[in-house]
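Read the structure below first, then the notes.
Residue numbers (my numbering), protein chains in the order written: chain A, 211 to 360; chain B, 211 to 360; chain C, 211 to 360; chain D, 211 to 360.
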């Protein structure tokens, strides 16, 4: 969790590599904070692809996942041209929502940690719907430590 | 605070109006979540300008403010062309850091609430430095409810 | 046109004011060039709103406008917090496409000039369709110098 | 050139692969046009890296390259998750400026073509300065067809 202890790189089975773009740094010569949330979004999409859940096709157009909570803590800045890894794991699988932890590493150095919470929503009713069972099983099969159910 | 109760529009003395840009909405036809953090950044800058603290000139080039924590909860989506108000107030004034609460309103409807924590850093040493006294006094003079000191 | 002479501020009946955001400048402390195209997009939308053509509602969902050409020349940089005007006028009204000229002013200083070409496309067939007559008339009624038909 | 014939993929010795991000597509479900200029910027940086010219370090802090002209033509849209190649080559080497051609391919399909013109500026005087000879030689050694000098 974004409030808890800082996880090591080895806590994550999946990480997405990317290089910091010119457009992502600011006058302070560091990655502008909203862009970490763009990185998180890219990494979650790649994580889902890696485990075999290709968003959004797998949801069949009847439902979608919406971010309802986004949090990040910034420990050290990333700079232009840095090669980063955006590590990602599911930390919570609820009935209709799930929590994903993100961690930005430059080598072994943890620069930023974040958390996104997604709710699964049925589009017709705009109401929360149970997470697709295939998604739940796919995540449980992939993650070395089982996500909480809280 | 982003974890606390939802504040009404009247809790904020300052708000910055803006209209949602085409570039800020996504395939779901809602503002993409990282863009709320761009809105927060715009609003904090305008809040500081409104109270008479013009960033970054006032810091004199010897120090700067860095975001160390960013959090948002999304209750309802904003859409293309929506006219929003990004309300902003200082909720915590520590020795070297401060907390700012942000709230995105569409009329009286609260769409998103967020919090940013800034640390004041001396550039030469890269270490936290006491908040400039002028900044502290300016904020205390402006805010109807005194920020916490925690 | 972007290749022609530099127009004065008085050549434009419409301009949209905006202030440069922190997220829009780069390590060189100038607006990063792709963001001028975001400004152009914002200004065209506001220009259409100002003349009474509210995109995209007016198209009724059957067709849409797509940018097929985008060009800008950069004469002098805009910086963080600059107050700019993005001037906009229609310079060409063809059968299925139109050209819009954009000019970024800081006071009377012309910083950037650009041109966008839009094609009106019927969504079902994905083919160009005649510009809506109401749009054509609205533009002709607004512009002090009649756009070319080339 | 952006006005000339459409080059095939084989005309480019260098191309940078990337996947379209969620943040880069719009309500029309296509890459929003300013983001192609972000892709161009990423590709030029990678092109320079690939040929051994690592921007901006190689310029030694005394000078910099500024984009003075940006142009793109859009033939077909890229969509979320598309795997693209951003091909890049130097098409013109002047005394103080150079032209770079960009082409966005999805497989063999040319989606977008663009051109950027950069001027080499001495930072102290803010005046154009001759392109560094090492840069010129590096580009000439890499490009299969010699760039024009116009």
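Idealized CB from N, CA, C, for every residue including glycine.
For chain D, is any of its Cβ atoms less than 8 angstroms away from the one on residue 252 of chain A?
-> yes
Tell me, please, which residues DSSP counts as bridged to residue 227 of chain A.
-> A:295
Using a Cβ-Cβ cut-off of 6 angstroms (strictly less than) and excluding sequence neighbours within five positions of residue 258 of chain C, which residues of its own chain qualify?
-> So the qualifying residues of the chain are 265.
How would you label residue 343 of chain C, buried or exposed, when you count the other beta carbons within 10 angstroms and need 16 or more for buried?
-> Answer is exposed; the Cβ neighbour count stays below 16.
For residue 293 of chain D, is the classification buried or exposed, using 16 other Cβ atoms within 10 angstroms of its Cβ as the cut-off for buried?
-> It counts as exposed.
Helix or strand or just coil, what does DSSP make of residue 206 of chain B?
-> Limits of chain B in this structure are 211 at one end and 360 at the other, which puts residue 206 of chain B out of reach.
Using the Cα positions of residue 222 of chain B and residue 317 of chain B, report the straight-line distance between them to the nearest angstrom.
-> 14 angstroms
Is residue 246 of chain B near residue 322 of chain B, with beta carbons less than 8 angstroms apart?
-> yes
Through-space distance from residue 353 of chain C to residue 224 of chain C, alpha-carbon basis = 9 angstroms
Name the DSSP bridge partner or partners of residue 351 of chain B?
-> Its beta-bridge partners do not exist; DSSP assigns none.
For residue 167 of chain B and chain C, any beta-carbon pair shorter than 8 angstroms?
-> In the structure as shown, chain B starts at 211 and stops at 360, and residue 167 of chain B therefore has no counterpart that could be examined.
In the stretch 215-237 of chain A, which residues sit with their C-beta less than 8 angstroms from some C-beta in chain C, listed in chain order?
-> Going along the stretch 215-237 of chain A in chain order, one finds 232, 233, 235, 236, 237 with a Cβ nearer than 8 angstroms to chain C.
Identify the continuous beta strand (DSSP E) that holds residue 309 of chain C and give its terminal residues.
-> 307-316
May I ask you to report which of helix, strand or coil DSSP gives residue 339 of chain B?
-> coil
Residue 255 of chain A versus chain D: which residues are under 7 angstroms apart at the beta carbon?
-> 232
Mind checking the stretch 280-297 of chain C against chain A and listing, in chain order, the residues whose C-beta falls within less than 8 angstroms of any C-beta there?
-> 290
Identify, in the order they occur along the chain, each residue of the same chain with its Cβ nearer than 7 angstroms to the Cβ of residue 216 of chain D, setting aside the five sequence neighbours on each side.
-> 320, 323
Residues near residue 333 of chain C in its chain [Cβ-Cβ closer than 7 angstroms; skip 5 each side] | 272, 273, 274
Given residue 337 of chain B as reference, the closest of B:306, B:254, B:235 once Cα atoms are compared | B:306
Give a yes or no on whether 8 angstroms exceeds the smallest Cβ distance from residue 242 of chain A to chain C.
-> yes
Is residue 355 of chain C close to chain D, meaning its C-beta is less than 8 angstroms from at least one C-beta of that chain?
-> no
For residue 312 of chain D versus residue 349 of chain D, is the C-beta distance shorter than 8 angstroms?
-> no
From the DSSP output, in three-state form, read off residue 328 of chain A for me.
-> strand
Inter-residue Cα distance where the pair is residue 254 of chain C and residue 341 of chain B = In this structure, the alpha-carbon of residue 254 of chain C lies about 42 angstroms from that of residue 341 of chain B.
In or out: residue 335 of chain C buried (at least 16 other Cβ within 10 Å) or exposed?
-> exposed
Using the Cα positions of residue 243 of chain C and residue 256 of chain A, report the straight-line distance between them to the nearest angstrom.
-> Cα to Cα, the separation comes out at about 29 angstroms.
Residue range of the beta strand (DSSP E) that includes residue 289 of chain C | Careful: residue 289 of chain C lies outside any beta strand (DSSP E) and carries neither H nor E.
Residue 211 of chain A versus residue 296 of chain A - alpha carbon distance = Because residue 211 of chain A carries a pLDDT of 46, less than 50, the predicted location of this residue cannot be relied on, and no value is offered for it.
Going by DSSP, what residues sit across from residue 279 of chain D in a beta bridge?
-> C:283, D:327
I think residue 283 of chain D touches residue 278 of chain C, with their Cβ atoms under 8 angstroms apart; what is that distance to the nearest whole Å?
-> 7 angstroms
Could you tell me whether any Cβ in chain C is nearer than 8 angstroms to the Cβ of residue 341 of chain B?
-> no
Can you list, in chain order, the residues of the stretch 261-279 of chain A whose Cβ is nearer than 7 angstroms to any Cβ on chain B?
-> 274, 277, 278, 279
Strand pairing of residue 302 of chain B, partner residues [DSSP] = B:309, B:358
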